[in-house]
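Protein chains: 4
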Amino acid sequence: MGGECCRDVVCEGCPVLLVLDERRRFLFRVERGRVQGSDRGVVRHDDLVGLRYGSWVRLSSGALALVLQPRLVDYMERGLRRRSQVIYPKDHGLILMLLDLKPGARVLEIGVGSGYTTIVLAQAVGATGRVYSYEVRSDMLETARKNLETVGLLDRVELKHRDARLGVDEEGLDAAVVDMPDPWAVLPVLHRALRPGAGAVFFLPAVNQVSRLLSAMDLRGGWAETRVYEVLLREYEPRGDALRPKTTMIAHTGYLVYARRVEERPAQVGDRNRG
Amino acid sequence: MGGECCRDVVCEGCPVLLVLDERRRFLFRVERGRVQGSDRGVVRHDDLVGLRYGSWVRLSSGALALVLQPRLVDYMERGLRRRSQVIYPKDHGLILMLLDLKPGARVLEIGVGSGYTTIVLAQAVGATGRVYSYEVRSDMLETARKNLETVGLLDRVELKHRDARLGVDEEGLDAAVVDMPDPWAVLPVLHRALRPGAGAVFFLPAVNQVSRLLSAMDLRGGWAETRVYEVLLREYEPRGDALRPKTTMIAHTGYLVYARRVEERPAQVGDRNRG
Amino acid sequence: MGGECCRDVVCEGCPVLLVLDERRRFLFRVERGRVQGSDRGVVRHDDLVGLRYGSWVRLSSGALALVLQPRLVDYMERGLRRRSQVIYPKDHGLILMLLDLKPGARVLEIGVGSGYTTIVLAQAVGATGRVYSYEVRSDMLETARKNLETVGLLDRVELKHRDARLGVDEEGLDAAVVDMPDPWAVLPVLHRALRPGAGAVFFLPAVNQVSRLLSAMDLRGGWAETRVYEVLLREYEPRGDALRPKTTMIAHTGYLVYARRVEERPAQVGDRNRG
Amino acid sequence: MGGECCRDVVCEGCPVLLVLDERRRFLFRVERGRVQGSDRGVVRHDDLVGLRYGSWVRLSSGALALVLQPRLVDYMERGLRRRSQVIYPKDHGLILMLLDLKPGARVLEIGVGSGYTTIVLAQAVGATGRVYSYEVRSDMLETARKNLETVGLLDRVELKHRDARLGVDEEGLDAAVVDMPDPWAVLPVLHRALRPGAGAVFFLPAVNQVSRLLSAMDLRGGWAETRVYEVLLREYEPRGDALRPKTTMIAHTGYLVYARRVEERPAQVGDRNRG
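Residue numbers (this note's numbering), protein chains in the order written: chain A, 1 to 275; chain B, 1001 to 1275; chain C, 2001 to 2275; chain D, 3001 to 3275.
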């Protein structure tokens, strides 16, 4: 009945997602001597040590709670600080697919916000990859740093308190995620930083921004395979006998614009687009 | 102007996505002496060797085509064989997020079909991870094997021509994806194969299947954190001056049911659910 | 500067929708001597009399408010009592189209609830049409009656405190709307009440209900042209310079099942469906 | 076994929707001596005369077909001529609700196209209402006229071959529907033609058009209660035992902008919007 710490067994210092019910969910790191409270009774951290994940613990009230390993999406739901609008897992999933992210990849991030996307990128590129994250606001950057520490992925990320519009340090990068209000301002910087053929995803809340970005890419040239997406996630009540979508949903987070950094298209005989 | 083969520069044997326009897209591996045809002219593979990805090549007609590294989503769009309904990237992205897949993970797949999901899992777990894929139909398995070879990920996958309902060989796995018409039949097998707390995603086209699976999980016990999702992907025409959603869309592929394998919930005083 | 009372000009007894801003909206009937309050100041009903609809009135605070004719959708948003889950305008619109409702039509309604759908049907059939509405709960029926009075459409509706499963009084009806948890129980009653070829719409929150209704119609026969719909309404922030969908939306109200009452299908040589 | 012609019983000259199966659907008017063909056999119109709607007729091949009254939505699906992109019933339904259309209403239509919306409006306003429809293209107008004749609603509509941007003849109208690429050009005309408080719906395919219209209304003033909607209609396979959404759907027709014609908003102390 052994097992690896934090993977199979709860040891001191391991993160735990404690689930009483749909709404009573607690995410914390186990510390000897501490107590996790709730309006349904308490549990001593000491009583969690040695438990296997996936097992049940009884609170002081007798109520049962489930002991789980937190996933990134659990952290994002309730274990992290949030100082800004964040990108959601529904969008993160598509970003991973569009950018074709692999372990070992080197990724640029412009606009870190609370660091949710940073975390997702850091997990996907693995210990052999690297994320270079630029953010102009120091308070955001600090929040992102704490969140990355919380999930244990800070060592793969270089957080830079810099305005990426003025340039970035890296070259030959495999992918980029841009989450800022005026992404057209970083197109030249992106073009220099990405390796030829690499993709970038731009996250934009309003359609006017999408229009303007598309027009800017068109005008500048050097971008191809442009796509604009919107991901709608419907969640259903998980009841076998009365299955139905939840009544409300997040109807909008933002649009995802994907494009690949390519060489300027040469002129072509009879070319109407660029003479 | 150097660069790594197949990453920066097209060498013999490298895969190429050749893009003339939205519909004229060709995905192939470069072989000396071969020619890629199209109704807009041809290009000799020899002329591609040495080109940087992201650059343009002129076809015999004078038309220009873009030379790109194919991503998994490009392969899935036109570079792979398809013998079955497949899961789409929009769903793959969410699956990666729900299962919290990391480099190094060991994943079970039941129902391989054409191997599209296998490929996505294999890329996400990296060279240090492993995918164990069970499929009852040998023709499907053969298609999946060829597709895995095409994308160069076969070495991370163990394809097994076996009925998973009768059991699987692995234990302590980190995650599972199940794509079969009667997933309730593998619930006990999954429970044994997954490490405690690990998650599984079930892909199901019809709501009746979702209902039945939810009821079966409820009855059996040992599953928690159940969620039911549907991902809708809207794509927009990428025109800055006339931005609008594409007229038609894939309105349905399937429902995703997520659940975590946990211990049987102990009885509780005053418990209405399990006396 | 004349005009018709309650259409162009506010007279005593006319309904008014008073709009200060997006959230401060008041719907009432004008009564001499009364005052409409708000946290932004008050307006005396006497000051509204004689105003043209579409004009502005100044509150005691100096703030401006718009004086409008309430539409049915305005009433449904804030001018009516609600004792139950209601069907929304997005669904009402499709119901009108599916049932091909015309002025003069005679419509059956089973399951009145708060009477929102009754109101929509009553307006569509006009003064020459008629709505026959059955409801088992007397409290609901009372709410519906008050709501119909509020919008001034009670005279076109016959509210019946009766269990429609036991039969209805009418025959040869042009259409039916059924909003009850077990609509399969009224299929024979509907078949007798509708004229041949007439359509019925069933409103159902859960997919299991839809499945069961479809199976029941299939088994019984006498129904054709069956369709199942779901209407998703996305609303955008009405800002020209930052156009984007509202963040949250009503993701689910219910499914609409449409079917036409036809004759039992005769047996056919080689008929697999009904031997 | 009597009944009213064209309502209950098929008489000469009555319209019939003949349904063999999901795809074999024919919409025609019954004429003595004619024959309706299909790849599954034929039926003589003479054999239809006297049949009740909702009953079955046997084709020459022995196959059965259903005899139904066509609804407007059936006409729009296959019984009308189409020279342009049309508005769909999913949008028509919401338009009826937003405009609060009642029997007797007088409605303005700018941009007639193939007349689909004209037909819907004409049915909703009834014999006592009136639709005034402006269209600059004479070929469109001719198509609309034929379509209105086909459904028997031409007598309620005044088709005008005129550029509405230069003005319309009517005043005090109850509602307007505008389907043209540059609706901002008719805002002054609309303002004069609509009675105070009346609503208008603008149908626009691209978001840029929506942005521009919103900005124009904002700038001009005289419009309030602005709303922007998009209706998504999901259709399900109508099978009780394998219920699932249809694989593809119409993902986009257009955006609906609703606004009410009001008086110019007076200046207000401390008013930031209009000084």
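We treat Cβ as the ideally placed atom computed from N, Cα and C, and that holds for glycine.
CB contact below 8 Å: residue i versus chain C
i, result
"A:His-92", "no"
"D:Gln-3036", "no"
"D:Val-3178", "no"
Contact with chain D by residue i, beta-carbon distance below 8 Å
i, result
"B:Ile-1250", "yes"
"C:Asp-2008", "yes"
"C:Leu-2064", "yes"
Test item: CB-CB of residue i and residue j under 8 Å
i, j, result
"C:Gly-2222", "C:Glu-2264", "yes"
"A:Gly-79", "A:Leu-27", "yes"
"D:Tyr-3134", "D:Ala-3164", "yes"
"D:Arg-3052", "D:Gly-3111", "no"
"B:Arg-959", "A:Leu-214", "With chain B covering only 1001 through 1275, there is no way to say anything about residue 959 of chain B."
"A:Gly-33", "A:Ser-61", "no"
"D:Pro-3103", "D:Val-3073", "no"
"A:Ala-162", "A:Leu-154", "Checking the displayed sequence, the identity of residue 162 of chain A turns out to be Arg instead of Ala. No, Cβ-Cβ distance for A:Arg-162 and A:Leu-154 is not below 8 Å."
"D:Arg-3071", "D:Thr-3143", "no"
"B:Val-1107", "B:Asp-1174", "yes"
"A:Ala-251", "C:Lys-2246", "yes"
"A:Val-131", "A:Ser-114", "no"
"A:Leu-219", "A:Val-257", "no"
"A:Leu-194", "A:Ala-176", "yes"
Chain-ordered neighbours of residue i on chain B, where CB pairs are closer than 8 Å
i, result
"D:Pro-3245", "Ala-1251, His-1252"
Simplified DSSP assignment, three categories, for residue i
i, result
"A:Glu-12", "coil"
"B:Tyr-1258", "strand"
"A:Gln-123", "helix"
"D:Asp-3163", "coil"
"B:Leu-1080", "coil"
"A:Ile-87", "coil"
"A:Ser-211", "helix"
"B:Thr-1118", "helix"
"D:Ala-3267", "coil"
"A:Pro-245", "strand"
Chain C contact residues for residue i, given Cβ-Cβ distances below 7 Å
i, result
"D:Gln-3123", "Lys-2102"
"D:Leu-3048", "Within 7 Å Cβ-Cβ: nothing; D:Leu-3048 doesn't reach chain C, min ~13 Å."
"D:Glu-3109", "What D:Glu-3109 touches in chain C: nothing, since even the nearest Cβ is about 17 Å away."
Beta-carbon neighbours of residue i, restricted to chain D and to distances below 9 Å
i, result
"A:Ser-211", "Val-3207, Asn-3208, Ser-3211"
"C:Asp-2139", "Chain D residues near C:Asp-2139: none, gap ~27 Å exceeds 9 Å."
Neighbour list for residue i in chain D, Cβ cutoff strictly below 7 Å
i, result
"B:Arg-1234", "Ala-3251"
"C:Thr-2117", "Chain D residues near C:Thr-2117: none, gap ~12 Å exceeds 7 Å."
"C:Arg-2071", "Asp-3100"
Span of the alpha helix (DSSP H), counted from its first residue to its last, around residue i
i, result
"A:Glu-142", "138-151"
"C:Asp-2174", "It is not in any alpha helix (DSSP H) - C:Asp-2174 instead sits in the beta strand (DSSP E) that spans 2173-2178."
"B:Pro-1205", "Note, B:Pro-1205: premise wrong, no alpha helix (DSSP H); not H, not E."
"B:Leu-1190", "1187-1193"
Listed by chain order, chain A residues near residue i by CB distance under 7 Å
i, result
"C:Ala-2242", "Ala-206, Asn-208"
Short CB-CB distance (under 8 Å) between residue i and chain B
i, result
"A:Gly-79", "no"
"A:Thr-150", "no"
"A:Gly-197", "yes"
Residue i, enclosing beta strand (DSSP E) - first and last residue
i, result
"B:Arg-1032", "Run containing B:Arg-1032: none; DSSP gives neither H nor E here."
"B:Arg-1052", "B:Arg-1052 -> no beta strand (DSSP E), and no H or E assigned at all."
"B:Arg-1106", "1106-1110"
Chain A contact residues for residue i, given Cβ-Cβ distances below 8 Å
i, result
"B:Glu-1263", "Arg-52, Gly-54, Ser-55, Trp-56"
"B:Ser-1215", "Gly-240, Asp-241"
Contacts that residue i makes with chain B (C-beta to C-beta distance below 9 Å)
i, result
"A:Pro-15", "The contacting residues do not exist; A:Pro-15 stays about 12 Å from chain B at best."
Any C-beta of chain F under 8 Å from that of residue i
i, result
"D:Val-3157", "The chain labelled as chain F is not found among the protein chains of the depicted structure, namely A, B, C and D."
7 Å Cβ cut-off: residues of chain B touching residue i
i, result
"A:Gly-113", "Chain B residues near A:Gly-113: none, gap ~18 Å exceeds 7 Å."
Within chain C, the residues that residue i reaches when beta carbons sit closer than 8 Å
i, result
"D:Pro-3188", "Those within 8 Å of D:Pro-3188 in chain C number zero; the least Cβ separation is about 16 Å."
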